[in-house]
Structure formats: C-alpha cells, structure tokens
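In what follows, a single structure is set out as structure tokens and then discussed.
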Amino acid sequence: MPILPYPHIRRPVARVAPILLLPSFMQMDSHYREAIALTEQADQLVNQATSAADFQLGTEKVQQAQEHLDALPVWFLGYEPRAYCSLMGCSWRFTLDEFQAARQSIARMEAKLFQEQNALTLLEEVNAELSSAKGQYLAANATEQTPAIAAWQTAIDRLGQIPAETLAGKTAQTQLTSAQRDFQDMTGTMSASQRSSNAVEAAKLFALQAANASQNPPHPEAQ
409 MPILPYPHIR RPVARVAPIL LLPSFMQMDS HYREAIALTE QADQLVNQAT SAADFQLGTE
469 KVQQAQEHLD ALPVWFLGYE PRAYCSLMGC SWRFTLDEFQ AARQSIARME AKLFQEQNAL
529 TLLEEVNAEL SSAKGQYLAA NATEQTPAIA AWQTAIDRLG QIPAETLAGK TAQTQLTSAQ
589 RDFQDMTGTM SASQRSSNAV EAAKLFALQA ANASQNPPHP EAQ
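Here the sequence shown stands for residues 409 to 631, where the numbers follow this note's numbering.
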C-alpha cells in the first residue's frame, strides 16, 4: 500500500478509509520508538563510557538514532493518530519539543564523540612517541642521547596536555607519573612538565609559609 505523507491528503482518507493509513502509522510509530530507544542507549554509552569500545558502539547508536529521527516527518509531530492507536494501543506523545530535544541531545553526543576520538587518537600517537623515544635513548651512544632525550621529554609533555575531561585524558594522567619517573630514573633529568609541577608546589609552600608567618608577629630575625 502507498504511504500518504501529507495532512491534507491523510485527513480525508482517515474519514473514509483509515486502513489505508495503517502502513504509514506503523512506520512512523516504529521510527519514533527506535529513535527514543537508541538515543537513550547512546546517552548511556557516550556519557558513561569506560573504554574506547563504548565510544565506538555509542557512535553507531547515535548514527542509528539520527536516521530514525530524520525519517519522522516534522508535520506529523504532535499529530494524534487516533485510528492507529485505537487498534494498536499506542500512546503518541512525540511533540515538536521532544523532537528538538532529541536532536539537541544527538548533537551534544556527536560533539563529545568528536572530542573523545581526537583525544584517543592523540593518546595513541603520544604513546607511540614515548615508546620510540625511549627505545632510541636505550640504543643511542653518548652523542645520540641528547636528541633522544629531547624527543622523550616532548612526548611526556604532550601526554600531560591531553584534555583531562576526556577518557583519554584521564588515562594519560595515570600514565604521566610513571612516564616522568622512568624518564628521570633513566636519564637523570626531570621533564619540563615535572619541573613545572615542582615549581608550582614550591610556590604554594612558600605562600603558605608566608601566610603563617604574617599571622604571628613580631617576626624573629630568622624569619
């Protein structure tokens, strides 16, 4: 049976031969249910991800949800298919506001997935650079060690620059301390990010000591 898409055609048909509209109602009801279910599944996977596999599956769910949303004609939103619902026992409540909210949710998840994928790619690149630089250092003679150390230090610094709010960034932060320790143990040199962290901690300690001293006047000569 043909699917009759427009209200000015559907309404006269609904009065005289509502059975002709059944295929389109079934199709739209299916798209509606799938769009809602897939959006909820995608939200769980994307916003509570614990691995790259969750993001991969979340991407698939987002794409599928978008396809079902695209298949819903906007004019149909909020339109009550009484004949179909009386037969199938459905409850049609998919309004334009819900439609827009679903689209906005999909858009937010797409933006998050883009950021997370970029961060995961960067983490893979940095880990490869760390492994390569460490290998070069171990295989280098005295004159070759300097560029190997520089490359190793650069990789460690990049590891600390991966956005902390991403899953890859959280992984990078757990790797950073051990990477800095390995670097210092093997080369006897602190990485730039480690020096910066030490400087910040020293500044905090100095500020705390100064604040404590200012609260206890008069100051002895040693202070």
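Note that beta-carbon positions come from the ideal geometry of N, C-alpha and C, so glycine has one too.
Note that the coordinates shown come from a computational prediction; the quantities given were computed from them, not determined experimentally.
Contact check for alanine 510 against threonine 447 passes: the beta carbons are separated by less than 9 Å. A straight line joining the alpha-carbon of tryptophan 560 with that of serine 513 spans about 41 Å. Judged by DSSP in its simplified three-state form, serine 438 adopts helix. The Cβ atoms of leucine 546 and isoleucine 564 do not sit closer than 9 Å to each other.
By the C-beta criterion, the stretch 547-554 is judged not to be in contact with the stretch 528-537, since fewer than 3 inter-stretch pairs fall below 8 Å.
Counting the other Cβ atoms within 10 Å of the Cβ of leucine 531 gives 16 or more, which makes it buried. C-alpha of alanine 450 to C-alpha of alanine 580: approximately 25 Å in a straight line. When rounded, the separation of the alpha-carbon atoms in glutamine 464 and leucine 521 is 9 Å. If you look at alanine 509, you'll find it in the alpha helix (DSSP H) that goes 504-547. Closest by C-alpha distance to glutamine 592, out of Ala558, Ala576 and Lys469, is Ala558.
In this structure, Glu524 is the residue among Glu524, Val454 and Ala443 with its C-alpha nearest to the C-alpha of proline 571.
In this structure, lysine 469 sits away from leucine 480, with a CB-CB distance that is not shorter than 9 Å. Just so you know, the alpha carbons of arginine 566 and serine 586 end up roughly 14 Å apart. The alpha carbon of glutamate 442 has as its nearest neighbour, out of Gln569, Gln456 and Phe507, the alpha carbon of Phe507.
According to the DSSP assignment, glutamate 468 belongs to the alpha helix (DSSP H) that extends over 460-478. Following the DSSP letters along the chain, one finds isoleucine 557 inside the alpha helix (DSSP H) bounded by residues 553-567. In terms of CA proximity to leucine 528, Thr574 leads the group Thr574, Ile444, Gln474 and Asn620. In the DSSP assignment, threonine 574 falls outside any alpha helix (DSSP H) and carries neither an H nor an E.
For alanine 576 against alanine 556, the beta-carbon gap comes to about 25 Å, at or over 8 Å, which does not count as contact. Collapsing the DSSP output to three states places isoleucine 444 in a helix. Between glycine 466 and methionine 517, the C-beta gap is smaller than 9 Å, which places the two residues in contact.
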